[in-house]
Structure formats: C-alpha cells, structure tokens
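In the working numbering, the protein residues as written are 10 to 108. Take a look at the structure set out below.
Shown next as structure tokens:
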C-alpha cells in the first residue's frame with residue numbers, strides 16, 4: 010500500500026510546532042493562573058493532538074469519509090470530557106469534623 014509522501018520540510022515544520030507547544034505547556038505550568046491551568050493545558054494538548062492526527066497519521070491527505078469519522082470521534086470524546094469535567098467541577102470539598 011503506497012501512501013502519501015510528506016515532504017521533509019512539512020515534517021520539520023510540524024516538529025517545530027510541536028516543540029513550541031511543548032514549551033508552552035511547560036511554561037504554562039509556572040504561570041499563576043489558578044483555575045485556568047486545566048483549560049489551558051487541555052487546549053494545548055488538543056492542538057498537539059490535531060497536529061499529530063493531521064500530519065503524522067496522514068488524515069490531512071485522506072478521503073472525506075475518514076475526516077467525518079475522525080471529527081465525529083473527537084466530538085464524542087469532547088462530550089465525554091465535558092460531562093466528566095462538569096461533574097468534577099460541581100463537587101465541593103467535604104469538611105472534616107473536629108478541625
């Protein structure tokens with residue numbers, strides 16, 4: 010099976026973009042953002058996942074049906090993450106009696 014051949018320049022560009030996002034992730038960990046750490050980390054992780062999926066998994070060069078299945082899968086994952094995070098964020102800390 011012969012696939013689409015990606016140029017070296019494209020691979021290097023995506024690699025540099027992933028390195029920049031890596032440094033953004035590390036840098037964001039040291040910022041005093043309080044409750045914005047999780048959304049920022051998830052946004053950066055999503056950007057890295059999109060780059061890897063599009064170029065290293067060759068989704069950018071595939072048929073439109075593959076795009077539809079990929080986007081539907083990501084939307085379903087987003088729904089599940091949103092439901093999980095909404096449950097997590099809606100819970101309060103329990104007070105320990107005697108303290």
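C-beta atoms are modelled at their ideal positions from N, C-alpha and C, and glycine is treated no differently.
Can you look up residue i in the DSSP assignment and give me helix, strand or coil?
i, result
"residue 105", "coil"
"residue 82", "helix"
State the CB to CB distance for the pair residue i and residue j, rounded to an integer number of angstroms; the pair is presumed to be in contact (CB under 8 Å).
i, j, result
"residue 50", "residue 30", "Actually they are not in contact, since the Cβ atoms of residue 50 and residue 30 sit about 11 Å apart, beyond 8 Å."
"residue 64", "residue 15", "7 Å"
"residue 62", "residue 79", "7 Å"
Quiz prompt | Sequence ranges, beta strand (DSSP E) only - wholly within the region 24-79, length at least 3 | solution = List check, beta strand (DSSP E) in window: nothing returned.
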